[in-house]
Amino acid sequence: LWPGTEPGHSPDLAPLLAGLVIAQAFSELGLELHIKWPNDLLLDERKVGGILVEERAGRVMVGMGLNLVAAPGPEELRAEYACAAGVVRELEGDLGPLGLWAELVTRARAWYAANAAGTESASLMLLVEARLAWLGSRVAVRDSGFDKTLGRIVGISASGALRLVRGGREHLVATGSIMPL
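Throughout, my numbering is defined as the position within the sequence shown, counted from one, plus 126.
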């Protein structure tokens, strides 16, 4: 259950904020994860997790999947849409899946309370931007209409849109899937 929406925080930011708090929790456990906009978690440029956000009865629910033991092979992934899958490597002091879940929830809640509650969206998006995969790199963006846009990632807007430069101009991308070139 996601904390109540902060004043000035759009519920649309929940996937990015959830990615941020989980990445921070993993950082405290010794693993540096990056956020693949808009809702995936990468370790060493391999997807090790994903965030799903749903609204139910007026409450925001956040789910997370993590590859702890195995990951799909390249033949099981959508070509040109998915980066290689990976597995969260062993953490110091084998916690087991339930122990890891409890540790992540505890650390994520504490980090959120100390750093995100009461903080403006623009400031939080700067923190997301610092963990953004492929920042400064050229990427291909595919949207649901299967259009492909090439550009260089320059950041995240306060609204959570991907800031992409192409043809010397900055564009905001609100939906899609990105892949490095």
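Ideal placement from N, C-alpha and C gives every residue a C-beta, glycine not left out.
Given the structure is predicted, the values throughout are model-derived calculations rather than measurements.
Which same chain residues, not among the five before or five after residue 237, have their C-beta less than 7 Å away from its C-beta? In its chain, beyond the 5 residues on either side, 147, 150 and 151 have a beta carbon closer than 7 Å to the beta carbon of residue 237.
Taking residue 247 and residue 139 to be in contact with their CB atoms under 8 Å, please state how far apart those CB atoms are, rounded to whole angstroms. A Cβ-Cβ distance of about 6 Å is found for the pair residue 247 and residue 139, placing them in contact under the 8 Å criterion.
DSSP state of residue 146 mapped onto helix, strand, coil: Looking at residue 146 - three-state DSSP - the assignment turns out to be helix.
Check residue 275 in the structure and name its three-state DSSP category. Annotated three-state conformation of residue 275 is strand, per DSSP.
Between residue 258 and residue 160, how many whole angstroms is the CB-CB distance? I'm expecting something under 8 Å. The distance from the Cβ of residue 258 to that of residue 160 is about 7 Å, consistent with a contact at the 8 Å cut-off.
Three Cβ pairs or more, each shorter than 8 Å: is that satisfied between the segment 168-179 and the segment 270-289? Taking a cut-off of 8 Å for Cβ pairs, the segment 168-179 and the segment 270-289 do not touch, as fewer than three such pairs fall below it.
Assuming residue 196 contacts residue 203 (C-beta within less than 8 Å), just tell me the rounded distance between them. Taking a contact as a CB-CB distance under 8 Å, the pair residue 196 and residue 203 does not count as one, their CB atoms being some 14 Å apart.
Would you kindly report the start and end of the unbroken alpha helix (DSSP H) that includes residue 233? DSSP places residue 233 inside the alpha helix (DSSP H), whose first and last residues are 222-237.
Can you name the start and end residues of the beta strand (DSSP E) that residue 169 belongs to? That run of the beta strand (DSSP E) goes 166-169.
Tell me, to the nearest whole angstrom, how far the beta carbon of residue 174 is from that of residue 213; I am working on the premise that it is less than 8 Å. Between residue 213 and residue 174 the Cβ distance is about 6 Å, and since that is below 8 Å, they are a contact.
Residue range of the alpha helix (DSSP H) that includes residue 255: Unbroken alpha helix (DSSP H) run through residue 255: 247-256.
Through-space distance from residue 199 to residue 163, alpha-carbon basis: Cα to Cα, the separation comes out at about 22 Å.
My output table needs one value for residue 198: the three-state DSSP class, helix, strand or coil. In this structure, residue 198 counts as coil in the three-state DSSP scheme.
Express the C-alpha separation of residue 244 and residue 235 in angstroms, rounding to a whole number. Rounded to whole angstroms, residue 235 to residue 244 spans 14 Å at the Cα level.
Since residue 303 is in the beta strand (DSSP E), which residue starts that stretch and which ends it? Per DSSP, residue 303 is one residue of the beta strand (DSSP E) stretching across 303-306.
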